[in-house]
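Asks: Once you've had a glance at the structure underneath, I'll fire off some questions.
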Amino acid sequence: MWQLIVGQLLNGAIVGTLYGIVALGVTLTFGITGIVNFALGVFMMLGAYAAWYFADTVGLPYPLAVLTAVVVTSFAGLVADQALFRFTRNNLVNGLLVSIGMIAVMESSALLIWTSTPKEMHHVLPGVFAFFGLVVPKMKLVVFGLLLAVIFATYAALTKTWSGRAAYAYAQNAEAAALMGVPTSRLQTGVVAYSTGLAGLAGALYASLYSLEPTLGSLFILKAVEAAILAGIGSVAGALLGGIILGVTEGVGSIYLPLAFRDAYGLVFLVVILLFKPSGLFAGRR
Amino acid sequence: MLLEIAGLTKHFGGLTAVADISFGIDKGEIIGLFGPNGSGKTTLLNLIAGLIPASAGRIVWKGKNIAGWQAHEIAAAGLVKTFQNPQLFAELTAIEHLMIAGHLALKRRLGWRRIATLIDPEYRNNSRALLERAEEVLGLCRLASARGLSAAELSYGEEKMLGVAMGLMCEPDLLLLDEPASGLGTVEIDNLETVLRDLKAHGTTLCVIDHKVGFLRKLADRAISLHHGAKIAEGTPDQVLRDPNVIMAYLGRAHAAI
Amino acid sequence: MKQGIWIAVVATALCVLPLVFNSDVALTILVFSYLQGMLAVSFNLIFGFTGQLSMFHAAAFGIAAYATHLFMQHLGVAYWSATVLAAALVAAVSVVVGAICFRFRLREFYFAVVTLAFSEMARLTVLNWNSLTNGSLGINLQEKPPLWLPGTGIVKLESTLAWYYLSLVALGATLLVCGRMVHSWMGRCFAAIRMNDELGDTLGINVFRYKLTAFVVGNMMAAVAGSLYAYFLGSLEPGFLSIDQSLGIVAMVLLGGRSVVAAPVVGAFVLTTLPHLIHFSAEIRSIVYGAILIFTILVMPQGIYGGLWQIMRRRHAA
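Chains as they are written, first to last, in my numbering: chain A, 2 to 287; chain B, -11 to 246; chain C, 17 to 334.
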């Protein structure tokens, strides 16, 4: 029995890092623009399909396909920002509505192009890792490690580099930061590119583990937002922790409650946190 | 005693914005609140009006302890506050602002029966009476010329007067004014003074914060001075303004004859 | 007064319309338009007038639709009683959801997210409670609601013509209720809440009470629309409560216009008729909704109705 629990815990943690990295994108965008960008879900989907396309159809080696997917997604994010979100910076509700519109357009376009038939990518790293009676696919461990590395690298960049700290300053007080010489519009653009890139990375890695459907973005973004809000939107370390908490809860919860409830945990967390501690569990910490 | 404050305190984390303040306001007086920036005047008014919860102390209004009441309940009880930075309804004209502010008066006139106006809009002549009163208040505040202007088109002085006008529509027993004269020119200040004296003559009690010492000295019957959240002097405006502690608070030790 | 004349003209035209356009297809489209119009107008009460972006509207619609059928099936009540009960159920749920959201003073954006969460919870419940709702397969509704007509007695509403007049009356009632609320002191409270709720608070407006009122009344009207819609369509499915449905409602309101009670009907009409004129697959329809959302927010925030109004005003001024 405990093997099942530990197995689910591990699985949950790995899924949790996927939630976490998209949550990181959500949290970064929120910190800089004040908008919770639900559209990151479709960018994740875009990254996934791009990776699949470049790896399986074009034939690029997987790591290169991932990189290309990230670049493509980042670029798409920039285009969307310049064409659409630039005009809704001051109005959160309008921004949300435009996001919703864009999501509908992109998801349905994906459905038209690729249909709802799930696409499977060829196995990148077959084989499993066995220890203590547990069996974990090697690829999952690679993804886990990679995502952790990226999240820590982001954290380091935010605290150690000038641009990172400038971004943090801007998130605290935009006007003061601008007066201090922080290039604000470049910052906003940079954050957009980075967070959509992160979503694209999540998608590209997702493609190596699971089958692809155009709706994968919607499911994920809700979880990612839940994770970000759970942790305290604006907290970078929290994004990872929030994601893992959510992933683990779902994993362990599915042992005891029917699978149908899996999506509900996050929703309940979301409602409870927003009502009782809107600043999130880890607010106050970075 | 219309309003009685006892031991009112407010902490914001480690900062004590209001420290153990006690005083009373009698019906019909004009109380002036003096104090340098950061002395806690606005916080004090916000506490009394129910916009922020107190950390400790009692606020007794007409014999009832209103600490913990919600802002709209306190307004309904006759205690109304205006804002230092004019708070307005962006899309509406001046007269429309007053129509909204007339909600409390309507509630008092019709009670729960106001639901009936949904079926018959002119139930007990409600909207005509409301409009008449709004026009009256507009005139009282010398804003008749701004009647049809939208919030964006008003001058700063007109915005501030509109705030006072909206407060008036609520038929307050005590009106708390947070720096009504700040940013106004001399003509507008004279206007304001006349309006406030009119109010007093009609039986409204006033509590006014302002930095324009001359203006407040002329207007107020009694004065209270705050410094770092605590009350440091109380008396007639002249007494308070000559109090060495007050002078020290404003100008520094060198000027106070201590 | 002039407005009264306009209303009378339009109402008469719509009543007489079936005599001119005898096509069953056209009338069916109009019935759908009127019912969607009810959804849009009632949503606008909450969103356009009171300023709360509620993502719960489709849930209210769907819950009532299922509830009507379930009350009829399990409690043995007649259709209209079931509809009333369903509306009461939705009202109760709305009071709970609304009280939770407004008591905690959720700002607009978070309100949208929490109502979305509740809506999803409702949808997941409907989707997974197979014994009650038949899950994703949905339920086919064979029954048709009865109506008492003077002269003919009780008639089963089977003809499209009967549904046309029923839905027209229902839409009219919705417009009447919303109109009365908006053009009264209550509407002024809604406006105050929308524009500056903190100021409204200090002026004695009980912000919680009026937000909740708009939310509950709006949802109840959506509930009635749901009961009617399901029985006209003849089936129930969890998709009634989907985000897509909510998205459609928002699109209708943004397209039609937010500033006038009746404006969303224009949006409802356009978005309901369009898929019938140009045969859209579900995907293309979503793309169109999405594009409309983006277009209206960025380019035409006043919607069609608002846009026409501005053009007319400029003509008058010129």
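Glycine is no exception: its CB is placed at the ideal position from the N, C-alpha and C atoms.
CA-CA distance, Pro225(B) and Arg204(C)?
Replies: One C-alpha to the other measures close to 41 Å.
Asks: Is the separation between the beta-carbon of Ala7(B) and that of Gly217(B) shorter than 8 Å?
Replies: Taking 8 Å as the Cβ cut-off, Ala7(B) and Gly217(B) qualify as a contacting pair.
Asks: Specify the secondary structure class of Thr155(A) as computed by DSSP and reduced to three states.
Replies: The answer is helix: DSSP assigns Thr155(A) an H, G or I state.
Asks: Using CA atoms only, rank isn't needed, just tell me which of Trp100(B), Met149(B), Glu61(B) and Cys158(B) is closest to Gln72(B).
Replies: Out of Trp100(B), Met149(B), Glu61(B) and Cys158(B), Met149(B) has the C-alpha closest to the C-alpha of Gln72(B).
Asks: For Leu94(B), return the contacting residues in chain C, with the cut-off set at a CB-CB distance below 7 Å.
Replies: Per Cβ cutoff of 7 Å: Trp201.
Asks: Can you name the residues of chain D whose CB is closer than 7 Å to the CB of Ile310(C)?
Replies: Absent here is chain D; the protein component of the structure consists of chains A, B and C.
Asks: Is the Cβ-Cβ distance between Ala24(A) and Ala205(A) less than 8 Å?
Replies: No.
Asks: Please decide whether Ala134(B) counts as near chain C, where near means a Cβ-Cβ distance under 8 Å.
Replies: No - not a single Cβ of chain C is within 8 Å of the one on Ala134(B).
Asks: Counting only Cβ pairs nearer than 9 Å, list the residues of chain A close to Leu249(C).
Replies: None at all; the shortest Cβ gap to chain A is about 22 Å.
Asks: What residues in the region 107 to 121 of chain B have a beta carbon less than 9 Å from any beta carbon of chain C?
Replies: Cβ contacts with chain C come from Ile107, Pro109, Asn114, Ser115 and Leu118.
Asks: Quick check: what's the CA-CA separation for Arg286(A) versus Gly239(A)?
Replies: Because Arg286(A) sits at a pLDDT of 39, beneath the cut-off of 50, its placement in the model cannot be relied upon, and the point is left open.
Asks: In this structure, how does DSSP classify Asp40(C) when only helix, strand and coil are distinguished?
Replies: Of the three classes helix, strand and coil, the one that applies to Asp40(C) here is helix, per DSSP.
Asks: Return helix, strand or coil for Arg329(C), following the three-state DSSP convention.
Replies: Reduced to three states, the DSSP call for Arg329(C) is helix.
Asks: Let me make sure I understand the geometry here. Which of Ala14(A), Val94(A) and Thr118(A) has the alpha-carbon closest to that of Asn1(A)?
Replies: Since the first residue of chain A shown is 2 and the last is 287, residue 1(A) is not available in this structure.
Asks: With distance defined between alpha-carbon atoms, name the residue in Leu228(C), Gln158(C), Glu136(C) and Met236(C) nearest to Arg119(C).
Replies: Among Leu228(C), Gln158(C), Glu136(C) and Met236(C), the Cα nearest to that of Arg119(C) is on Leu228(C).
Asks: Do Asp40(C) and Ala59(B) have their CB atoms nearer than 8 Å?
Replies: Their beta carbons are not under 8 Å apart, which means Asp40(C) does not touch Ala59(B) by this criterion.
Asks: Leaving aside the five residues before and after Ile313(C) along the sequence, list all residues of the same chain whose C-beta is less than 7 Å from its C-beta, in chain order.
Replies: So the qualifying residues of the chain are Leu270.
Asks: Which stretch, first to last residue, makes up the alpha helix (DSSP H) that contains His91(B)?
Replies: Its alpha helix (DSSP H) spans residues His91 to Leu98.
Asks: Quick one, are the C-beta atoms of Leu104(A) and Val43(A) less than 8 Å apart?
Replies: Leu is not the amino acid found at residue 104(A); the sequence shown has Ile there. Going by C-beta atoms, Ile104(A) is nearer than 8 Å to Val43(A).
Asks: Reducing DSSP to helix, strand and coil, say where Thr81(B) ends up.
Replies: Of the three classes helix, strand and coil, the one that applies to Thr81(B) here is strand, per DSSP.
Asks: Can you tell me whether Gly233(A) is buried or exposed, with buried defined as 16 or more other CB within 10 angstroms of its CB?
Replies: Per the 10 Å Cβ criterion, buried.
Asks: Per DSSP, which residues does Ser251(C) bridge with? Please list them.
Replies: Partner(s): Asn156(C).
Asks: Does the region 181 to 189 of chain C come close enough to the region 33 to 52 of chain C to have 3 or more Cβ pairs within less than 8 Å?
Replies: Yes, the region 181 to 189 of chain C touches the region 33 to 52 of chain C.
Asks: Just checking my contact of Ser135(C) with Phe72(C) at CB under 8 Å: how many whole Å lie between their CB atoms?
Replies: Rounded, the Cβ-Cβ distance is 5 Å, consistent with contact.
Asks: Just list the residues that DSSP pairs Lys(-2)(B) with in beta bridges.
Replies: Answer by DSSP bridge pairing, in chain order: Val6(B).
Asks: Rounded to whole angstroms, what's the CA-CA distance from Ala5(B) to Val234(B)? Just pull it up for me.
Replies: Spanning the two alpha carbons is a distance of roughly 18 Å.
Asks: Check each candidate in Ala80(C), Ala42(C) and Gly67(C) and name the one with the smallest Cα separation from Ala238(C).
Replies: Looking at the Cα atoms, Ala80(C) is the closest of the given residues.
Asks: Give every residue of the same chain whose Cβ lies closer than 7 Å to the Cβ of Leu271(A), excluding the five residues on either side of it in the sequence, and list them in chain order.
Replies: Hits under 7 Å: Glu227 and Ile230.
Asks: For Asn235(C), does the three-state DSSP call read helix, strand or coil?
Replies: Asn235(C): helix per DSSP, three-state reduction.
Asks: Taking 8 Å as the CB-CB cut-off, is Val109(C) touching chain A?
Replies: Not closer than 8 Å to any Cβ of chain A, the Cβ of Val109(C) fails to qualify, so no.
Asks: Quickly, what does DSSP pair Ala218(B) with across the bridge? List them, please.
Replies: Beta-bridge pairing links Ala218(B) to His215(B).
Asks: Is the region 35 to 53 of chain B close to the region -11 to 0 of chain B, with three or more CB pairs under 8 Å?
Replies: Taking 8 Å as the limit for Cβ pairs, the verdict is that the region -11 to 0 of chain B does touch the region 35 to 53 of chain B.
Asks: Looking at Ile197(B): is its Cβ nearer than 8 Å to the Cβ of Asp166(B)?
Replies: Contact: yes.
Asks: Rank Thr190(A), Pro259(A) and Ser255(A) by C-alpha distance to the C-alpha of Ser75(A) and give the top, closest one.
Replies: Ranking the options by Cα distance to Ser75(A), first place goes to Thr190(A).
Asks: For Ile13(B), name the three-state secondary structure that DSSP assigns.
Replies: Note: Ile13(B) maps to strand in three-state DSSP.
Asks: Indicate whether Leu163(B) and Asn212(C) have their beta-carbon atoms separated by less than 8 Å.
Replies: Cβ atoms of Leu163(B) and Asn212(C): not closer than 8 Å.
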